[in-house]
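Novice: Numbering (the working numbering), first residue to last: 1447 to 1648. Ideal Cβ placement from N, Cα and C applies to all residues, glycine included. The structure follows.
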């Protein structure tokens, strides 16, 4: 089912494709060539290539021979099929709390979730600026940030422009430019901040 999002649909991986990817991954971990594994398992290079590319359904005998050469249980060859999808649930009020010090005194951050993997990191925060909070416009980091104002009012600076945010207003921007709350007009205030950036490859 598609939503109104412009995100591309995910391709469902077949059992054969998942099996092939797992065989290839283990083979490479052991520093074996396709020819090495095929010869030791008693199958042709062409057949192993088709298995690794998910083009055929190998017999149990063939899988047993491959798993024996790779020195893994035959069940481990299917582990990639039952893939886990990342999900983070944070009950109300139970996010990780961070309070900024120094120039950002009175800025309280509650991390509302986290992603365990993937190419993109997403950090959703509920930010509260208390009565004692002071302005700070020196934030700067990689990625894109989305802000949605929940309560209070603020003049929020991004680069050389300032935006007056009231409850219900949203702002999305390139966070490589300096940004942050410039004038705290109605305190305390809360807003949702979602920071998205590419994760460094391991």
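Which two residues bound the contiguous alpha helix (DSSP H) that contains residue 1464?
Specialist: Residues 1461-1475.
Novice: Exposed or buried, which one is residue 1460 when buried takes at least 16 other CB atoms within 10 Å?
Specialist: By the neighbour-count rule (16 or more Cβ atoms within 10 Å), residue 1460 is not buried but exposed.
Novice: Buried or exposed: where does residue 1566 fall if 16 or more other Cβ atoms within 10 Å of its Cβ makes it buried?
Specialist: Flag for residue 1566 reads exposed.
Novice: Residues in its own chain within less than 8 Å of residue 1623 by CB, not counting five upstream and five downstream?
Specialist: Answer for residue 1623: 1586, 1604, 1605, listed in chain order.
Novice: I think residue 1635 touches residue 1580, with their Cβ atoms under 8 Å apart; what is that distance to the nearest whole Å?
Specialist: That belief does not hold up - the Cβ atoms of residue 1635 and residue 1580 are roughly 13 Å apart, past 8 Å.
Novice: Thinking just about the alpha-carbon of each residue, which of 1646, 1645, 1607, 1642 is nearest to the one in residue 1627?
Specialist: It is 1607 whose Cα lies nearest to the Cα of residue 1627.
Novice: Taking only the alpha-carbon atoms, compute the straight-line gap between residue 1648 and residue 1501 and give it to the nearest angstrom.
Specialist: Annotation note: pLDDT 45 at residue 1648 (below 50); position unreliable, coordinate value reported separately. Spanning the two alpha carbons is a distance of roughly 30 Å.
Novice: Hey, out of 1516, 1463, 1510, 1505, whose CA is closest to residue 1480's CA?
Specialist: Here the closest residue by C-alpha is 1516.
Novice: Output yes or no for whether 9 Å exceeds the beta carbon distance between residue 1471 and residue 1512.
Specialist: It is not a contact, given that the beta carbons lie outside the stated cut-off.
Novice: Following the continuous alpha helix (DSSP H) through residue 1516, name the residue where it begins and the one where it ends.
Specialist: Run containing residue 1516: 1506-1516, per the alpha helix (DSSP H) assignment.
Novice: Which partner residues does residue 1638 have in the DSSP bridge list?
Specialist: Residue 1638 pairs with 1572, 1594.
Novice: Identify which residue in 1595, 1630, 1499 has its Cα closest to the Cα of residue 1639.
Specialist: Closest option to residue 1639, Cα to Cα, is 1595.
Novice: Taking buried to mean at least 16 other C-beta atoms within 10 Å of its own C-beta, is residue 1591 buried or exposed?
Specialist: Buried is the call here.
Novice: Which whole-angstrom value is the C-beta distance of residue 1593 and residue 1582, which I expect to be below 8 Å?
Specialist: About 14 Å; that fails the 8 Å criterion.
Novice: Is the beta carbon of residue 1525 less than 9 Å from the beta carbon of residue 1463?
Specialist: Their beta carbons are not under 9 Å apart, which means residue 1525 does not touch residue 1463 by this criterion.
Novice: Just the C-alpha distance for residue 1497 and residue 1489, rounded to the nearest angstrom, thanks.
Specialist: Approximately 11 Å, taken between the alpha carbons.
Novice: Flag residue 1625 as yes when its Cβ comes closer than 8 Å to any non-hydrogen atom of the ligand NAP, and as no otherwise.
Specialist: By its list of ligands, the structure shown contains no ligand whatsoever, and the ligand NAP lies outside what it can speak to.
Novice: Identify the continuous alpha helix (DSSP H) that holds residue 1578 and give its terminal residues.
Specialist: No alpha helix (DSSP H) contains residue 1578, which DSSP labels as neither H nor E.
Novice: Spell out the partners DSSP gives residue 1626 in its beta bridges.
Specialist: The partner list for residue 1626 (beta bridge, DSSP) reads 1603.
Novice: Assign residue 1473 to buried or exposed, taking buried as 16 or more other Cβ atoms, counted over all protein chains shown, within 10 Å of its Cβ.
Specialist: With 16 or more other Cβ atoms within 10 Å, it is buried.
Novice: Please classify residue 1543 as buried or exposed, where buried requires at least 16 neighbouring CB atoms within 10 angstroms.
Specialist: Exposed, since its Cβ has fewer than 16 Cβ neighbours within 10 Å.
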